[in-house]
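> Could you have a look at this structure, given as structure tokens, before my questions?
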Amino acid sequence: MSPSRIIIIRHAEKPTKPGDEPAIAGIAENGSCDKKSLTPRGWQRAGALVRFFCPLHPPPGFGLLPSIIYAAGAKTKDDSKRPTQTVQPLADLMQSQHVPFIESFGKDDLQAAMTEALTRNGIVLMAWEHHRIPDLAALLHPVPATPDAWPDDRFDVLWVFDHSADGWAFSQIAQRLLNGDDDTVI
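Under UniProt numbering, residues 1 to 186 are what the sequence shown spells out, in order.
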């Protein structure tokens, strides 16, 4: 078994750092301030990703509907909740279609997460912390050429890895979901 496609996304928008202007807070599901959660724009992106990956009327050949969803889970109180929050609305919708949602791997459990993902069939979606995404992609063999780093200010791109007899081919898709999203890729 092996997935036909692996899609890796960065979690949605996060709070600004202390002292940054404008100050933008993270908001937990219950509405309280939480620096480990998404910002209001991040929650908007999480909602928009539902129909991005699972459109009501997918075009012929549509290849983004995940067969399984992974998110870097918050393993300690200091870990971000953002990867899980980013794909939770999609996972909730896809639960009725029995699409597994796995959040048992921490952001640094890259080898274990990728090893598990490579045992799956279909399309694998992984939401992760952006500094770790290039290292996660480097676990594919043969390793496809990807950008060396994920920019701090980009929340609006998908990295797509298509499997063939020759290995993994890399491409990117600009989400273009929210006002201000960039049309270019990394």
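Glycine included, C-beta positions come from ideal geometry on N, C-alpha and C.
Under 8 Å Cβ to Cβ from Asp152, same chain only, skipping five residues before and after it: list those, please.
As a position in the sequence shown, residue 152 is number 152, starting the count at 1. Cβ neighbours of Asp152 beyond the five flanking positions: His130.
> How many angstroms separate the CA atom of Thr115 from the CA atom of Lys14?
Numbered from 1 along the sequence shown, position 115 holds the residue referred to as residue 115. Numbered from 1 along the sequence shown, position 14 holds the residue referred to as residue 14. Straight-line Cα distance between these residues: approximately 28 Å.
> Could you check the C-alpha separation between Ile173 and Thr86 for me, to the nearest Å?
For the purposes of this step, residue 173 is identified with residue 173 of the sequence shown, where counting begins at 1. For the purposes of this step, residue 86 is identified with residue 86 of the sequence shown, where counting begins at 1. If I take the Cα positions, the gap works out to 17 Å.
> Looking at the unbroken beta strand (DSSP E) that takes in Leu49, where does it start and where does it end?
To locate residue 49, count along the sequence shown from 1; it is residue 49. Where Leu49 is concerned, there is no enclosing beta strand (DSSP E), although the alpha helix (DSSP H) it sits in stretches over Pro40 to Phe53.
> When you compare the region 70-77 with the region 45-54, are there three or more beta-carbon pairs, one atom per stretch, that lie closer than 8 Å?
Because the criterion of three Cβ pairs below 8 Å is not met, the region 70-77 and the region 45-54 do not touch.
> I think Pro3 touches Leu118, with their Cβ atoms under 8 Å apart; what is that distance to the nearest whole Å?
The count along the sequence shown starts at 1 and reaches residue 3 at position 3. The count along the sequence shown starts at 1 and reaches residue 118 at position 118. Right, the Cβ-Cβ distance comes to about 7 Å (below 8 Å), so this counts as a contact.
> So is Ala112 buried or exposed if we call it buried at 16+ other beta carbons inside 10 Å?
Translated into positions along the sequence shown, residue 112 becomes position 112. Exposed, since its Cβ has fewer than 16 Cβ neighbours within 10 Å.
> Looking at Val160 and the ligand NAD, is the gap between the Cβ and the nearest heavy atom below 7 Å?
With respect to the ligand NAD, the structure offers nothing, as it holds no ligand at all.
> Among Met126, Arg132, Ser164 and Asn121, which one has its Cα closest to the Cα of Pro142?
Residue mapping note: residue 142 aligns to position 142 of the sequence shown, counting from 1. Among Met126, Arg132, Ser164 and Asn121, the Cα nearest to that of Pro142 belongs to Ser164.
> Mind checking His11: buried by the 16 CB within 10 Å criterion, or exposed?
Position 11 of the sequence shown, counting from 1, holds the residue named residue 11. Result: buried.
> For my contact list, Ile27 and Asp34 are in at a C-beta cut-off of 8 Å; report their separation, rounded to the angstrom.
Indexing the sequence shown from 1 puts residue 27 at position 27. Indexing the sequence shown from 1 puts residue 34 at position 34. Right, their Cβ atoms sit about 7 Å apart.
> Where do the ends of the beta strand (DSSP E) carrying Ala127 lie?
Taking the first residue of the sequence shown as position 1, residue 127 is located at position 127. Run containing Ala127: Ile123 to Trp128, per the beta strand (DSSP E) assignment.
> Just to confirm my understanding: we take Phe53, look at its own chain, exclude 5 residues before and 5 after, and list those with CB closer than 8 Å. What are they?
Your numbering for residue 53 matches position 53 in the sequence shown. Same-chain partners within the cutoff: Leu64, Leu65, Pro66, Leu90 and Leu125.
> Per DSSP, what kind of secondary structure is His131 in: helix, strand or coil?
Numbered from its first residue, the sequence shown carries residue 131 at position 131. Of the three classes helix, strand and coil, the one that applies to His131 here is helix, per DSSP.
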